[in-house]
Amino acid sequence: MAEELRAAGFDAQSVWPRLVRPRVLDPSVLRFIGSLDARTAEKCCEVLPRFASANANVLGSTYCKQVDVGLSSWMTGPEILTSTKTMSSAFGKNLANRFEEAYGDAKNLKGRHPLATLGFFFLLNSSIVDEPRNFSKAITMLQKLRVEDDAYDATCLMLVDWEEDGRLAISPLNEKVPEGLSATSFFREIVDLTLLRGAPESHELAREKRRLL
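First residue of the sequence shown: -2, per my numbering; consecutive thereafter.
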């Protein structure tokens, strides 16, 4: 997901997790280090991991929430906040719990960051298609999570197949997922809303790429 945001043209240093450690770091810190002489910059880089976080813990209106993928800087604050969930089995038992958590997290984050673009990406074992009632429930709940103004701006349902070696493969059964919950629609909405809510002069590369589509 972070790679998709970088590919869309957002600043690679502002998107987290970053490609290298520390995974979460304000880009202004890197710009400051880059302005130093080589010897001083090297010393800064040596001690930097002690003061940087491996996780992005974002303060919401009522509690801190670890956010999986996002876009933020000291000047703008959070611009994109996305959460991911996975489920491989026991759909009937666990679906309700997952959506209760997601609903609460959305209200918490949107309450403090109303202009941030919120996304929820749900990875499900494709075997749920063999349980039509639960599959329909998952689709309906993901659609409901984006109905209210203070909930998610974009939601996605991706069906995957768990391989024997533990790797994941995108399932061809994704054709059964409504277009509005597809990965393509998800990232399009995330990008468009973030550019709309940002300053007109911000994210120049992302705006140019969006114009060319």
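Built from N, CA and C at the ideal position, the CB exists for glycine as well.
- Query: Which first and last residues belong to the alpha helix (DSSP H) in which residue 181 is found?
  - Reply: 180 to 194
- Query: Are the beta-carbon atoms belonging to residue 96 and residue 138 less than 9 Å from one another?
  - Reply: yes
- Query: Out of curiosity, what's the CA-to-CA distance linking residue 179 and residue 75?
  - Reply: 24 Å
- Query: Which residue comes first and which comes last in the alpha helix (DSSP H) that contains residue 25?
  - Reply: 24 to 31
- Measuring CB to CB, does residue 34 end up less than 9 Å from residue 200? no
- Message: Only counting the same chain, and skipping five residues up and downstream in sequence, which positions put a Cβ closer than 6 Å to that of residue 183?
- Response: 151, 153
- Taking the CB atoms as reference points, tell me whether residue 170 and residue 123 lie closer together than 9 Å. yes
- Message: Please list the terminal residues of the continuous alpha helix (DSSP H) segment that includes residue 91.
- Response: 88 to 109
- Item | Exposed unless 16 or more other CB atoms sit within 10 angstroms - verdict on residue 11 | buried
- What are the complete beta strand (DSSP E) segments, minimum 3 residues, inside the region 109 to 150? 114 to 122
- Message: Comparing C-alpha positions only, which one of 18, 66, 54, 145 sits nearest to residue 43?
- Response: 18
- Pull up the DSSP beta-bridge partners for residue 158, would you. 166
- Mind the definition here: the region 157 to 170 touches the region 107 to 125 only if three or more C-beta pairs lie below 8 Å; say whether that holds. yes
- Buried or exposed: residue 80, going by 16 or more other Cβ atoms within 10 Å of its Cβ? buried
- For the region 106 to 118 against the region 185 to 199, are there 3 or more C-beta pairs whose distance is under 8 Å? yes
- Task: Would you decide whether residue 130 is buried or exposed? Buried here means 16 or more other CB atoms lie within 10 Å of its CB.
- Result: exposed
- Task: Look at residue 147 and residue 107 and say whether their C-beta atoms are less than 9 Å apart.
- Result: yes
- Is the beta carbon of residue 102 less than 9 Å from the beta carbon of residue 57? yes
- Item | Cα-Cα separation, residue 143 to residue 100 | 9 Å
- Task: Can you grab the Cα-Cα spacing for the pair residue 110 / residue 198, in whole Å?
- Result: 21 Å
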